[in-house]
Each structure stands twice: as structure tokens, then as C-alpha cells.
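To start, the structure itself, in C-alpha cells.
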Amino acid sequence: MATIDLTDRSQFMRRMNSVLTIDPSRTVALTVDMQREYLDEAVGHSVVEPAEAERVLTSAAEFLAACRERDIPVVHVYAVRRPEEVDSGFEYGGLAYLIAGNRINESQLPHRPVSTRPDRLLGSAESEVPASLVEPQDLHVTTKKSLDGFAETELGFLLDRILDAKYLLITGVNTDTCVYSTTFSAANRGFWPVVVSDCVASMRGVDSHEMALQLMSRSIAWVLSAGEAIERISG
């Protein structure tokens, strides 16, 4: 297979980053599917590589703490499946591509078989957000059903009407699916999305993670490190 020569867009990214100033009074830190299913090998099946999980957990805990210190609200949006969803076949959000792969026992995860366990069932340990990422004042949206954190949830209402958000500092798992899809929806809804590169990862591997960051930075979102994002916060 021929190697694709990716054009260096670093200059474009630097110019875009230079025009970004984040108003903390209109900013929300958003975590997407930041759950033990992906970040804790003790309970999860769809876990990211251990080094990646440690990177995300450490970076996200520090980043979210820095946001709270600046009175930036933290909102966690994630999927928690009811038994009825599993029984009706809507598990995994009804995603045809994933369902088709499961039927032929073809896993999307490198070196890991297809799971036969229900996905993040209500009350399960794997559905929980790691304790290191949560504080009592955080807000939770647990009605996420598909890749998009906005689709059929109250996230848009919460950000628009209650928090008056403009800038979204986006963290979570997986970079190439749920983070990407939620970021795309945020851009379509008029938010200014900033993906925090230290605080996202993919269970499909570092290559999928990096590819998604490249795609988002070229078209729909700023991609900044946690330190860079904090530096861009004015006031």
C-alpha cells in the first residue's frame, strides 16, 4: 500500500492558535465518555493502551482542576445503558458498522476480542467516571446514546441556556469517534471547540488518535495542549 504524504499544516495551526483568546466567563470544560470502561483495565474491556490511559488520567485531572480554579464549569457527558437498551438491540447506540463487526466477531480493538458483555450498563463499575476526574460541583449528562454527545441529550440546552457557553474545552475518549463527533456537533452549533490533546485518547490506537487530531485541527477545532489551552484563557 502506498504511503500517503501528509502536508505539514503546522504553520496553519500556529496562525489559528494565535487568534484564539478564551473568555473564562463563557467557557465550559467538557469530558466525553471519560469512563472506567476505557481507562481502567481492572473493570473495562475497551481500554486504551495503559500508557495512554495513565497519560489521559493524569493530564485530565490536572487540567480539570485548573479549570475549576478559574470557575470554569466541568460537564461530563457519557453513555450509561439501561437494560431496555440492551434487550432491544440498541446497545452501542445502534451503530450499524459496530454491530456488523460484532456479528462476524471482528473487533475494532487491536489485540482484543469482541466483548460479549453489555456496554456500560447502568450501575456497573465500567460506566463510572474515574473518581480522580470528578468533584461534587461538576455536572453530569448521562443520556448519551451514540457517538455525538449532543444527539438526543440535554447537553445543548445545558450549555446554551444554563451555562451560556461559547468556548468548549473538550477532553475524553475516543478521539476518533465520540470526541470527534461531539466536537463536530459543537462546531455546527456555533461553539468554539478546543480539543485538549493531552486529555484525549483512542482505544483503536495512537495512530487513530493522531489522525483524528489532525483532521479536527485542519477543519473544525483548535487542538491545543492543556498548558496552551490554559494560557489562552483571558482574565
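When we follow this note's numbering, the leftmost residue of the sequence shown carries the number -6, and every step to the right adds one.
For every residue, glycine included, the Cβ atom is placed at its ideal position computed from N, Cα and C.
Since the model is a prediction, treat every value here as computed from it, not as a measurement.
- Taking a cut-off of 8 Å for Cβ pairs, the segment 208 to 217 and the segment 30 to 50 do not touch, as fewer than three such pairs fall below it.
- Between the alpha carbons of SER174 and MET204 lies a distance of about 14 Å.
- By DSSP's assignment, LEU161 forms a beta bridge with VAL21 and PRO186.
- Classified as exposed, ASP200 has fewer than 16 neighbouring CB atoms from the shown chains inside 10 Å of its CB.
- If you look at HIS202, you'll find it in the alpha helix (DSSP H) that goes 199 to 212.
- LEU32 sits close to PRO123, with the two beta carbons spaced by under 8 Å.
- Assigned with DSSP and collapsed to three states, ARG74 falls in strand.
- Taking C-alpha positions only, THR146 is separated from HIS133 by approximately 11 Å.
- Between the segment 159 to 170 and the segment 178 to 189, the count of C-beta pairs closer than 8 Å reaches three or more; the two stretches touch.
- The C-beta distance from MET196 to VAL166 rounds to 7 Å, short enough to meet the 8 Å contact threshold.
- Taking all protein chains in view, the Cβ of SER52 is crowded by 16 or more other Cβ atoms within 10 Å, so the residue is classified as buried.
- Residue state for LEU217 is assigned as strand, using DSSP reduced to three classes.
- Counting along the chain, VAL134 sits inside the beta strand (DSSP E) bounded by residues 132 to 134.
- Beyond the five residues adjoining it in sequence on each side, ILE223 comes within less than 6 Å, by CB distance, of ALA59 in the same chain, given in chain order.
- Counted as a single uninterrupted DSSP element, the stretch harbouring LEU115 is not any alpha helix (DSSP H), since DSSP gives it neither H nor E.
- For VAL79, the secondary structure class from DSSP, reduced to helix, strand or coil, is helix.
- Contact check for THR164 and MET6: beta-carbon distance about 19 Å, past the 8 Å limit, so the pair fails to qualify.
- Taking the Cα positions, ARG2 is about 26 Å away from PHE56.
- DSSP, read as helix, strand or coil, puts VAL67 in strand.
- The three-state reading of DSSP puts VAL172 in helix, counting H, G and I together.
- Checking the DSSP bridge columns, you'll see ALA54 has no partner listed.
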